[in-house]
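Here's the structure, in structure tokens; my notes come after.
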Amino acid sequence: MQRWVLHIDMDAFFASCEQLTRPTLRGRPVVVGGLGGRSVVAGASYEARALGAHSAMPMYQAKNLIGFRGVVVQPRFAVYQAASRRVFSILEDASPVVEKISVDEGFLEPPELVGAGAEEVRAFADALRARILKETGLPSSVGAGSGRQFAKIGSGLAKPDGTYVIPAGKHEELLHPLGVNKLWGVGPVTHAKLKQLGVETIGDLARLSEKEMSISLGNAVGRSLWLIAQGIDTKPVAPRAIAKQISAEHTYPEDLRTVAEVDQAIRRAAEGAMKRLLHDGRGVRTVTLKLRLKDLHSETRSMTLPYATNDAETLAATALSLARYPDEVGPIRLVGVGYSGLDDARQDVLFPELDKQVRRQVADSDYESGVRSSIIEETGAAEEEPPGDATSAFWQTQDVFHPEFGHGWIQGIGHGKVTVRFETRTTDPAASKVRTFAADDPELVPANPLVSLDWALERDPEGGDEQRETGEVTTP
């Protein structure tokens, strides 16, 4: 009897959460990410994707693509985590075993589907998507197949907001024409090696012998990919261990010898770790910089922040502040950045721009005793955009509360003024109100982003309130 694995992938998850809780953004191009010149896109709505914007793209490029109608929203990871918890509670109700891959995707293998036909599986998946939409307001896509790989390929083919079923008997028909890079685990390096062998599609890969694959890619990788191309994927669906650290590192063919080369390498590693961190969905408390020197000796330095954050610029600036350079330690051959102290709870900072500056550690007369003096070096000050009016404690797209108008978010800021749109998930877009206040208006205060979900009070896994009592007024 055929085994059925389902892969659930939330559609444009970060951007969909923003459009859910801020109804006037629905139907508009939305990109999620920092506002600084060095920021990258963490997520993009399908309206933005249609214009060419996508995740990991430089933010300045995405802004140009989405134009004046588009909106850039700073990430609100507390909202994404709350939505994720609700989605996974639905999945856990549908299957006794759920394998969470990231904040917005996971596998399940419902025992009642063993031996089921394709139409029965499709009905199950459609009902699951409908329940997720009803209980969260968020769209999802589901792929179903005889193994994890095939289910994941199916969810990609189902997007957006669809279901795609790949029966075992139709692997050759449905999968062989697809590009070989559709296989999970075929990254740029493996893809390049396969192209050298003349392998462009999954069908091309299936026609190679197992021995040819093992010689070209190694026994483990080669055999694994060859079996999948033959339609064999027996890896079980099982809960994943929670990662304790996320990192990225690169070894350079020529040793790094200048400050500029080292800084560029740190930024590259920080961006690589950031991509994995966004997929994980948690915040970081500790940043670690790893340097391997010409003599193969390694140096590791760490800094722990007073709060957990997913802000790319803050984390990159922290990594840069830990740097040591060739004039201190000699030529450098490897640079890595690691993020640990991973935490679901994140904290908005009153003056986030201060943590996006590089605080260089410079030697003084007490260097050997570990005492440091500190100077502040602006990161590309000419390229960075200020988070808002320098005289204001607010920033663009921040959640705020006003006793008369309720919960809202900042649409514009500058010249001592703050423009706020008041709305939550349940607000009729035609009824949302826009008001402008003085930036120092005492009645306008920062608010808990979770209130924008306008869900019933829940308890999070750590025992705290998912939507805390804040005195805010939510739209009925």
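Numbering (full-length UniProt numbering), first residue to last: 1 to 476.
Where a beta carbon is used, it is the ideal one built from N, C-alpha and C, also for glycine.
- Rounded to whole angstroms, the gap between the alpha carbons of arginine 257 and methionine 274 is 25 angstroms.
- DSSP, read as helix, strand or coil, puts aspartate 255 in strand.
- Taking the C-beta atoms as reference points, isoleucine 8 is found no nearer than 7 angstroms to serine 89.
- The alpha-carbon separation between phenylalanine 422 and glycine 406 amounts to approximately 7 angstroms.
- If you draw a straight line from the Cα of threonine 318 to the Cα of threonine 300, it comes to about 14 angstroms.
- Close CB contacts of leucine 194 within its chain, under the 6 angstroms cut and outside five residues either way in sequence, are with Val180 (chain order).
- Glycine 338 is positioned such that its CB atom lies closer than 7 angstroms to that of glutamine 245.
- Per the coordinates, the alpha-carbon of aspartate 204 lies some 30 angstroms from the alpha-carbon of serine 55.
- Tyrosine 80 carries a helical assignment under DSSP once its states are collapsed to helix, strand and coil.
- Within a 10 Å sphere around the beta-carbon of serine 452 sit 16 or more other beta-carbons, which makes this residue buried.
- Counting only runs of 4+ residues, the alpha helix (DSSP H) found wholly inside the region 190 to 221 occupies 202 to 207, 210 to 217, in chain order.
- For histidine 407, the enclosing beta strand (DSSP E) covers residues 406 to 414.
- According to DSSP, glutamate 105 shares a beta bridge with Asp9, Ser102.
- Here leucine 334 carries a strand assignment [DSSP, helix/strand/coil].
- Sequence-distant Cβ neighbours of glycine 162 in its own chain, meaning closer than 6 angstroms and more than five residues away, are Ser141.
- DSSP, reduced to helix, strand and coil, places proline 167 outside both helices and strands of the structure shown, so it counts as coil.
- Cβ-Cβ distances below 8 angstroms link valine 329 to Leu291, Leu293, Glu299 in the same chain, with the five nearest sequence neighbours on each side left out; the list follows chain order.
- Within the same chain, Cβ atoms closer than 7 angstroms to the Cβ of serine 39 are found at Gly33, Met59, Ala312, Glu313, the five residues on either side in sequence being excluded.
- Taking the Cα positions, valine 221 is about 35 angstroms away from serine 16.
- DSSP places aspartate 454 outside any beta strand (DSSP E), giving it a letter other than H or E.
- A direct Cα-to-Cα measurement between threonine 24 and glutamine 230 gives close to 48 angstroms.
- Just measuring C-alpha positions, the residue of Ala48, Arg76, Val114, Lys134 sitting nearest arginine 86 is Lys134.
- If you check the CB distance, valine 5 and phenylalanine 107 come in under 7 angstroms.
- Look at valine 180 here: in three-state DSSP terms it is helix.
- Taking the Cα of aspartate 454 as reference, the smallest distance to any Cα among Thr426, Val72, Met1, Leu444 is reached at Thr426.
- Its chain contains Asp11, Ala12, Tyr46, Pro139, Ser141 as the residues whose beta carbon lies nearer than 8 angstroms to that of proline 160, once the 5 sequence neighbours on both sides are disregarded; these appear in chain order.
- With distances taken between CA atoms, threonine 309 lies nearest to Gly281 out of Ser302, Gly281, Arg223.
- Between proline 449 and valine 400 a beta carbon distance of about 10 angstroms is seen, past the 8 angstroms cut, so the two are scored as non-contacting.
- Relative to the Cα of threonine 424, the nearest Cα in the group Ala192, Ile410, Val418, Ser224 belongs to Ile410.
- Residue pairing from DSSP places glycine 33 in a beta bridge opposite Val41.
- The straight-line gap separating the alpha-carbon atoms of glycine 272 and alanine 192 is approximately 20 angstroms.
- In this structure, the CA atom of alanine 439 is about 26 angstroms from the CA atom of tyrosine 307.
- When the Cα atoms are used, proline 239 and proline 177 turn out to be separated by approximately 32 angstroms.
- Around the CB of threonine 234, fewer than 16 other CB atoms lie within 10 Å, so the residue is classed as exposed.
- Counting of Cβ neighbours within 10 angstroms places glycine 218 among the exposed residues, the total staying below 16.
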